[in-house]
Structure formats: C-alpha cells, structure tokens
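J.: All residue numbers for the sequence shown refer to numbering that gives the first Met the number 0, where the first residue is 0 and numbers rise by one.
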Amino acid sequence: MKTFSLHTPFKPAGSQPEAIKQLTAGRPGKSTLIGVTGSGKTFTMANVIASQNKPVLVLAPNKTLAAQLYEEFSLFFPNNKVCYFVSYYDYYQPESYLPAQDIYIPKETKINSEIERLRVETTASLINRRDTIVIASVSSIYSLGNPTDYRDLALPLQVGQTISRTDLIRKLIFIQYKRNDINKTSGTFQVLGNTIEVNLPYQKEKLRVELFGNTIENLQWVTKQNNTVLMALDNTLIFPAKHFVTTDGKKEAAIASIKQELREQLPQIKKVLYRERLQQRVTHDIEMLQETGYCSGIENYSIHFDGRQTGEAPFCLLDFFPKDFLLIIDESHIAIPQLRGMYAGDRARKKSLIDFGFRLPTAFDNRPLRFDEVERYFNDVMFVSATPSDYELTHSNQIVEQIIRPTGL
Numbered sequence: 000m001k002t003f004s005l006h007t008p009f010k011p012a013g014s015q016p017e018a019i020k021q022l023t024a025g026r027p028g029k030s031t032l033i034g035v036t037g038s039g040k041t042f043t044m045a046n047v048i049a050s051q052n053k054p055v056l057v058l059a060p061n062k063t064l065a066a067q068l069y070e071e072f073s074l075f076f077p078n079n080k081v082c083y084f085v086s087y088y089d090y091y092q093p094e095s096y097l098p099a100q101d102i103y104i105p106k107e108t109k110i111n112s113e114i115e116r117l118r119v120e121t122t123a124s125l126i127n128r129r130d131t132i133v134i135a136s137v138s139s140i141y142s143l144g145n146p147t148d149y150r151d152l153a154l155p156l157q158v159g160q161t162i163s164r165t166d167l168i169r170k171l172i173f174i175q176y177k178r179n180d181i182n183k184t185s186g187t188f189q190v191l192g193n194t195i196e197v198n199l200p201y202q203k204e205k206l207r208v209e210l211f212g213n214t215i216e217n218l219q220w221v222t223k224q225n226n227t228v229l230m231a232l233d234n235t236l237i238f239p240a241k242h243f244v245t246t247d248g249k250k251e252a253a254i255a256s257i258k259q260e261l262r263e264q265l266p267q268i269k270k271v272l273y274r275e276r277l278q279q280r281v282t283h284d285i286e287m288l289q290e291t292g293y294c295s296g297i298e299n300y301s302i303h304f305d306g307r308q309t310g311e312a313p314f315c316l317l318d319f320f321p322k323d324f325l326l327i328i329d330e331s332h333i334a335i336p337q338l339r340g341m342y343a344g345d346r347a348r349k350k351s352l353i354d355f356g357f358r359l360p361t362a363f364d365n366r367p368l369r370f371d372e373v374e375r376y377f378n379d380v381m382f383v384s385a386t387p388s389d390y391e392l393t394h395s396n397q398i399v400e401q402i403i404r405p406t407g408l
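#1: For residue 283 and residue 269, what's the separation of their Cα atoms in angstroms?
#2: Can you list, in chain order, the residues of its chain with a C-beta nearer than 7 Å to that of residue 408? Leave out the 5 residues immediately preceding and following it.
#3: Which same chain residues end up closer than 6 Å to residue 4 when comparing Cβ atoms and leaving out the 5 residues on each side of it in sequence?
#4: Classify residue 379 as helix, strand or coil using the three-state DSSP reduction.
#5: Starting from the C-beta of residue 395, find all residues in its chain whose C-beta is less than 6 Å away, skip the five residues before and the five after it, and write them out in chain order.
#6: Roughly how many angstroms lie between the CA atoms of residue 165 and residue 6, to the nearest whole one?
#7: In this structure, does DSSP put residue 408 in helix, strand or coil?
#8: Check residue 34 in the structure and name its three-state DSSP category.
#9: Taking 7 Å as the line, does the beta carbon of residue 263 fall inside it for any heavy atom of the ligand SAM?
#10: Any idea what DSSP makes of residue 90, helix, strand or coil?
#11: Here's the rule I'm using: 16 or more other beta-carbon atoms within 10 Å means buried, otherwise exposed. How should residue 411 be labelled?
#12: If you draw a straight line from the C-alpha of residue 224 to the C-alpha of residue 351, how long is it?
#13: Can you name, in chain order, every residue of its own chain whose Cβ lies under 6 Å from the Cβ of residue 305, other than the five neighbours on each side?
#14: When you compare each of 323, 274 and 250 to residue 355 by their alpha carbons, which one comes out closest?
#15: If you follow the beta strand (DSSP E) that residue 141 is part of, which residue opens it and which one closes it?
#16: If we count Cβ pairs, one from each stretch, closer than 8 Å, do we get three or more for the segment 57-77 versus the segment 145-154?
#17: Beta-carbon separation of residue 285 and residue 364 under 8 Å?
#18: Return the chain-ordered ranges of every alpha helix (DSSP H) run that is complete within the segment 326-386 and spans a minimum of 4 residues.
#19: Tell me the rounded alpha-carbon separation between residue 409 and residue 362.
#20: Beta-carbon within less than 7 Å of residue 23's beta-carbon, same chain only, minus the 5 sequence neighbours each way: which residues are those?
#21: Tell me, which residues are paired with residue 219 by DSSP?
#22: From residue 55 to residue 103, what does the alpha carbon distance come to, in whole angstroms?
#23: Based on the DSSP output, what are the partners of residue 155 in its beta bridges?
#24: Rounded to whole angstroms, what is the Cα-Cα separation between residue 370 and residue 195?
#25: Buried or exposed: where does residue 90 fall if 16 or more other Cβ atoms within 10 Å of its Cβ makes it buried?
#26: For residue 401 and residue 136, what's the separation of their Cα atoms in angstroms?
#27: Kindly indicate which three-state DSSP category residue 81 falls into: helix, strand or coil?
#28: Bridge partners of residue 161, per DSSP?
#29: Taking residue 124 and residue 131 to be in contact with their CB atoms under 8 Å, please state how far apart those CB atoms are, rounded to whole angstroms.
#30: Look at residue 21 and residue 39 and say whether their C-beta atoms are less than 8 Å apart.
#31: Just to check my reading of the structure: residue 200 and residue 240 have Cβ atoms closer than 8 Å, yes? What is that Cβ distance to the nearest angstrom?
#32: Go through its chain and collect everything with a Cβ distance to residue 176's Cβ below 7 Å, but skip five positions before and after it.
#33: Short of 7 Å in beta carbon distance, which residues of its chain neighbour residue 320, apart from the five on each side in sequence? Order them along the chain.
#34: Can you name the residues that DSSP bridges to residue 97?
#35: Tell me, please, which residues DSSP counts as bridged to residue 195.
#36: Name the DSSP beta bridge partners of residue 29, please?
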C-alpha cells in the first residue's frame, strides 16, 4: 500500500513524465532536477514524493517560498500529513555584546504562536506517522531538543487508566505544560473539578480528560471555541509542550556538568567584572533549572543535557526523521550557500558573549550544523533549481533536465 496519495486533476506533460520516471528510478541517491521557469518543478517533486514510502523533507531558502510550497503540497496530499517548520520569530534580536561600545544586547523576541504550534506539530507527526511531508526553511539545521527525550517523555493516556488528578497535573507540568485557568493559550491546561483540558501546541483542538476518582473515564477532542465534542478517544499520547525537555536523571547530570564547567572557567577569566558576571548569570540559571526544570536561554546548555562532546553536532529537525528519509532542496543554488554560511555567522556572535563573561564556552555548541554535518543527511537527496551551481552538479549521480513546459513551449 502506498504511503502517499497524490490528488490532482492534472497529468504530467511536457518534460515532466520522463523527469518523474528518471528521478523515481534514481531513488535512493543524489539527483539534480534542472527545470526552466514554468516547467512545473513542484508538480514533478509531488509525483516523485507520491512514489516514496517514507517521510520527506522539502527544504526552501526562505519563509516565503516555504509557505508557498506548504500551500501547494497541502492541496496535492490532503489525506497525508503536510507540516510547516520555519523560524517561529516574528521579531528576533539575538543576544549579543558589542565590546567597542560596552553594550550588552539581551535576546529579544516576538514568537508567532501559530508557527510555534506548527513546529511542535511537525516533530509529533514525524514520531507518529511515516506519511509526513515537512516543508521547512534552512532554520531546520539549528539546534533543537533531543528527539529520544522528546519521544520518551510523551505522556500516554487511555480510558480506564489508573492515575490521580494530582499525578496527572504533575506529569503535565514536568513536560513543560503550564496551568492557566484564565488564559487558555497553547501549552497550557485548565483544571475544572475532575476534568482537565489540555491545549496541545500541535493540535487545533484541545484534549479533555475526565476522571472518575483515580481512573480516566473519558478522553475527547473538543473545540476550543465552543467546547463541542468532536471525537471520543480510547487512548492518546501527549507530547511535550517544548522541544527542549529532559528526564530528571539527565537534568541532575546536566546541572552537575554546568557547575563543573563554571568552576573550570572562572579561574581563567582575568577581569573581576567578567568573572562575577558569569558566576551570577550561570548561578541564576542553575537555580531556575533546579526549581522549574527550565530557564531562559536553556538552549545554551544543550550540550550538557544531550551528553554531547565539545564540537559534536547538535540535534536538529533532521534527527527527528528516520535514516531513510527523502530530502528535497528547492532553489538549491540559493539554499546551499545559506547552509554553508550559517555556522560561521552564529559562532562570531557567540564569541563576544563568551569572551566577556556572558556565557560559558559550551554556548558555542548551541549552534546550526556545519555544512559537512548537513551533508551526512544527503543519503537520498534531490536538488531542484533552474540554475544549479557546481556543487549540485558535481555531487549528483543523476542529472535530469526538464526543459519543455506542460504547455508544450
């Protein structure tokens, strides 16, 4: 049985039939599709995807193109899961320090809650379903939480399960849900007697859990607008509200590791101001981690939580895919240079923060992938461009041209 079902009134025309045939036969492998403007490259991509029985990542060089592809693929594959994963910031001012002016600029962001929901929906779908197509920007190579922890910390619930109200609330808080009986935003839950309603960040509906004593009596999907029951469930899985989550054991080990790095780093800092600044900031973060399991800028300590070695590649969206996934890089002549340059830009900004006592050196390891690390995921990759660069042409074992438009021109 096919994983993907392509719905369209159109049939391949022009150069498309031969291109689809060659690209499908070339899987798995490294291919380049050279298609002139208006030749229907997106439709060819959709037909290749329809022939695959595995998750697909379509990488676009910017949010605008990603949104366009998301809309098109959602129409092509209405019965499959099409996800959207881009940076969730409407505004982003990264943390930085300008030594010449002695100006520290704190991280300032405005997060788009709907895009945040779509990001968490993406990772949840990749764990649950193989018929998943993810449309993403190059932000997908930035550091993300450990997929193993994210999967292992999912909370299974089923009708008839024995669990107290207090224990259920505690478990929800542990995976980063916040109780808020007034503001029912994504990632919160409300408690109404023996009923708990959870606003999952990856679901448009809310989950209602009805308890009778210490037993789950009902599980239901309910509309957020008017509390209409949409569906009764026998069981479900609640994924964490955030990507950066970890177990108690790993949290304690991470805190111990952060303390050790701080002890080692402080004697190496010559200036008293920088030394005191680092000690104060890291100590505050440790206290927050101990009390709540989370702190602002927790991603800068990701290496301690992941148990990685210095310089080792961080986890990112690509790690949520199985090893056999298909990667399509659209407008590759633009996307490849972007992927190459992201690591150096991030490192330059972090260096000042570390040199002047704002961050520990391991903040370097909260980073986008280096390009050589990205290439490790090129097991089954298709570059798509009207004007591919030398990189795509020299790294492909198959080059397919699509020069005749469906109109015959």
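Beta carbons: idealized from backbone N, C-alpha and C, even for Gly.
T.: Considering the structure as presented:
#1: 22 Å
#2: At residue 408, the pLDDT of 44 sits below 50, so the modelled position is not reliable and the matter cannot be decided from this model.
#3: 78
#4: coil
#5: 29, 30 and 31
#6: 47 Å
#7: Low local confidence applies: a pLDDT of 44 at residue 408 is under 50, so the model's placement there is unreliable, and no value is given.
#8: strand
#9: Absence of the ligand SAM is noted for the structure shown, with no ligands found whatsoever.
#10: Legend: pLDDT at residue 90 = 48, less than 50; position of this residue unreliable, no value from coordinates given.
#11: In the structure as shown, the chain starts at 0 and stops at 408, and residue 411 therefore has no counterpart that could be examined.
#12: 47 Å
#13: 145
#14: 274
#15: Taken as a continuous stretch (DSSP letters only), residue 141 belongs to no beta strand (DSSP E), as it is neither H nor E.
#16: no
#17: no
#18: 331-354 and 370-373
#19: The requested residue 409 does not occur in the structure, where the chain is confined to residues 0 to 408.
#20: 47 and 50
#21: 207 and 231
#22: 41 Å
#23: 236
#24: 45 Å
#25: The predicted position of residue 90 is uncertain, since its pLDDT is 48 and thus under 50; no value can be drawn from it.
#26: 24 Å
#27: strand
#28: 214
#29: 5 Å
#30: no
#31: 5 Å
#32: 186, 187, 188, 197 and 240
#33: 54, 56 and 125
#34: 102
#35: 190 and 208
#36: 380
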